[in-house]
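Chains as they are written, first to last, in the working numbering: chain A, 4 to 274; chain B, 26 to 297. All C-beta atoms, glycine included, are put in the ideal place defined by N, C-alpha and C. Please read these numbers as outputs of a predicted model, since none were measured by experiment.
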Amino acid sequence: MTNQRAILAVADLSVDLGGRSILRDVSFNLYPGQLCALIGENGAGKTTLLRTLLGLISQRAGTVLIDGEVPRKHRALVGYVPQKITFDPDLPLRTRDLVRLGLDGHHLGLPLWNSRTDAAVDAALQAVGAEDFADRRVGELSGGQQQRAVIAHALVRKPRLLILDEPLANLDFGSANALVDLLGKLIAQQQMTVLVTAHDMNPLIPVMDRLVYLVDGRAATGTVAEVVQPEVLSKLYGYPVSVLRHGGRILVLPDAPENADVANLNRCAGH
Amino acid sequence: MFSSFMINTWIAGTAIALVAAFVGYFVVIRRSAFAAHALPLGAFPGAAAANLLGVNPFVGLLVFVGMGVLLLRQLARMGRRDVATGLLLVLFLGMGALFLSMTNEYAPEVFSLLFGEMLGVSKADLWPILGICAVVSVLMITIYRPLLLDSSFPDLAALKGIPAARMDLLFLSLLALVTASALPVVGAFLVFTLLVGPPAAAQALSTHPLRSLLLAVIFAEGSIWLAIALSYWSNWPIGFFVGMIGAGLFNLARSYRSWSQRQRGAKLLAIS
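Here it is in structure tokens:
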């Protein structure tokens, strides 16, 4: 796998925003067909990292290469699903119109009928299982359906790398599992490479090949087994943490202070 | 009603309704209705200043509406676009009051630019109006798709390299041009209705982007033709009819939409 060219290569990336250092020396590679999870709490720098990968923010130091080129040159290679898209319920757009704008929204002139365009739109709708609501107004869809519509919008140009920002936030367990299945299917059937951000790594563990664990702008990268270790994460957090594994689930917790009064802890637990 | 002095009004009205529907379609999607209300009021200080200096009011109007676009962009860049728009509106009215107070003669041009004047279209006015409408139509058709994407989902448009700031400036400039061409017929206070009434009604009725645009054009043409005819027969100001028809259309379309939504909801309940 390593003799293949990385679809995404991030090396020693540092980004400042408004004079504040947001990311420091972040490095990782992503190879075709992999799913990489970018895990971190609010404010850890996940969205900033994504926006830098998309070429919307410039870095202070380091490099980002998408298939060997700077992000701005490779817009069609990357599909992006933003975290929060608010749909105006009155928007005169059906799901298929939103998907079509993903294909030709940057072209000039009126959108004329074209069988090749229609076929591409239908294929993207089918890939995300959106055929049932293809002709409904996007603003009237449920949250999970709107997310699928935006994924189809991102997929229709056949990108090689699909980036999703917090796709599991605000989804119930059932919808979250369905989305994880969909991502696995896209990788298997369309040889897609996927980068997903999340607060919680657990729903993604079954499909995840690599992990970028972000704490306060610094990253530890590797497989789950390599990164989610007490020594690695304690170093990243700057204080001791424990890793609890139970039934395939992982929980990262800060250690109790050494001088904690055990009797006091027991009393609190009793109430 | 179709006598020679009315023919210019019919031609100008038809051209204005077309571009007002085009631009208004995006005013509604972008939720820029407040800007669409404030910008035309640049006509008031513009016409008053032109009256004071003895130049063509149309020139004064273009200058002030154009300055309004730049000022709005500048103020909005610092955040709180709604506040910036409100301040611009009052700035326009205040400047108009100042210029009007400097001249002690009655200014009919100012009044007609504010409230519209059905017979205000002379042959000399007609050509600039048609020219502006042609330019706006061509530009709107050219940037239709990027503008639709930028207006609906600015985040997704930025990813395709569509620059939000430049789109906004271009859109406001088109809005200013339409405003300038429509003012002599429907007036500054009432051009707003023509811009938002028909497109909002059309968007409530059709989910198809191009079909709802076409419907907006049909509604706008219908509104202005009806307004011209009613104004001719009744001798009441045309702006009154444009306002009434626009508000009526919007109300009917929204009522129909919520009624049909309730029907669909009831049907879904019956199935399950």
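Beta strand (DSSP E) containing residue i: first to last residue?
i	result
Ala-201 (chain A)	196 to 201
Asp-175 (chain A)	Taken as a continuous stretch (DSSP letters only), Asp-175 (chain A) belongs to no beta strand (DSSP E), as it is neither H nor E.
Asn-32 (chain A)	23 to 33
Glu-224 (chain A)	The identity of residue 224 (chain A) in the sequence shown is Thr, whereas the question assumes Glu. Counting along the chain, the beta strand (DSSP E) containing Thr-224 (chain A) begins and ends at 221 to 225.
Counting only Cβ pairs nearer than 8 Å, list the residues of chain B close to residue i.
i	result
His-77 (chain A)	Result: empty, since nearest Cβ-Cβ is about 11 Å, beyond 8 Å.
Pro-85 (chain A)	Asp-180 and Leu-181
Ile-88 (chain A)	Phe-178, Asp-180 and Leu-181
If the cut is a Cβ gap below 8 Å, which residues of chain A does residue i touch?
i	result
Lys-292 (chain B)	Within 8 Å Cβ-Cβ: nothing; Lys-292 (chain B) doesn't reach chain A, min ~14 Å.
Ile-166 (chain B)	Gly-112 and Leu-113
Ser-237 (chain B)	Pro-95
Leu-308 (chain B)	Absent from the structure is residue 308 (chain B), since the part of chain B shown begins at 26 and ends at 297.
Ile-54 (chain B)	Asp-91, Leu-94 and Pro-95
For a contact meaning CB atoms closer than 7 Å, what does residue i contact in chain B?
i	result
Asp-93 (chain A)	Gln-228 and Ala-229
Ser-140 (chain A)	Per the sequence shown, residue 140 (chain A) should be read as Arg rather than Ser. Within 7 Å Cβ-Cβ: Thr-232.
His-249 (chain A)	What His-249 (chain A) touches in chain B: nothing, since even the nearest Cβ is about 38 Å away.
Which partner residues of residue i appear in the DSSP bridge assignment?
i	result
Ile-253 (chain A)	A:Arg-248
Asp-164 (chain A)	The amino acid occupying residue 164 (chain A) in the given sequence is Leu; Asp does not appear at that position. Note: Leu-164 (chain A) sits in a beta bridge opposite A:Val-81 and A:Thr-196.
Cys-39 (chain A)	A:Leu-198 and A:Arg-213
Ala-14 (chain A)	A:Thr-66
Val-218 (chain A)	A:Arg-221
Leu-66 (chain B)	In the DSSP output, where bridge partners are listed per residue, Leu-66 (chain B) has none listed.
Asp-19 (chain A)	A:Ser-24
Check the Cβ of residue i against every Cβ in chain A and list those closer than 7 Å, keeping chain order.
i	result
Pro-234 (chain B)	Pro-95, Leu-96 and Asp-100
Tyr-281 (chain B)	Residues of chain A passing the Cβ test: none, with the nearest at roughly 13 Å.
Starting from residue i, find everything on chain A with Cβ-Cβ shorter than 9 Å and list it in chain order.
i	result
Ile-187 (chain B)	Gly-108 and His-109
Tyr-169 (chain B)	Leu-111, Gly-112, Leu-113 and Pro-114
Can you give me the start and stop residues for the alpha helix (DSSP H) that residue i sits inside?
i	result
Arg-170 (chain B)	169 to 177
Arg-151 (chain A)	146 to 158
Pro-233 (chain A)	233 to 240
Pro-82 (chain B)	82 to 102
Val-141 (chain A)	No alpha helix (DSSP H) holds Val-141 (chain A); DSSP gives it neither H nor E.
Trp-35 (chain B)	29 to 54
I want to verify the contact list: residues of chain B whose CB lies under 9 Å from the CB of residue i, in sequence order.
i	result
His-156 (chain A)	Phe-178 and Leu-181
Leu-59 (chain A)	Ala-183 and Leu-184
* Asked: Enumerated in chain order, which unbroken segments of the alpha helix (DSSP H) with a length of 4 residues or greater are wholly contained in the stretch 42 to 127 of chain A?
  -> Qualifying alpha helix (DSSP H) stretches, in chain order: 49 to 56 and 98 to 107.
| the stretch 98 to 117 of chain A: which residues have C-beta closer than 7 Å to a C-beta of chain B, in chain order? | Of all residues in the stretch 98 to 117 of chain A, only Asp-100, Leu-104, Asp-107, Gly-108, His-109, His-110, Leu-111, Gly-112, Leu-113 and Pro-114 come within less than 7 Å of chain B when Cβ atoms are compared, listed by chain position.
- request: Write down every uninterrupted run of the alpha helix (DSSP H) in the stretch 113 to 141 of chain B whose length is 4 residues or greater and which is fully enclosed by it, in chain order.
  value: Within the stretch 113 to 141 of chain B, the complete alpha helix (DSSP H) segments of 4 residues or longer fall at 133 to 140, listed in chain order.
Exercise for review: Pull out every residue of the stretch 26 to 57 of chain A whose Cβ sits closer than 9 Å to any Cβ of chain B, in chain order.
Suggested key: The residues in question are Leu-57.
**Asked** What residues in the stretch 96 to 119 of chain B have a beta carbon less than 7 Å from any beta carbon of chain A?
**Response** So the list is empty, because no residue satisfies the distance condition.
Exercise. Quick one: complete alpha helix (DSSP H) runs, 4+ long, within the stretch 202 to 259 of chain B?
Worked result: If one requires a minimum length of 4 residues, the alpha helix (DSSP H) runs lying completely within the stretch 202 to 259 of chain B are 216 to 230 and 234 to 259, in chain order.
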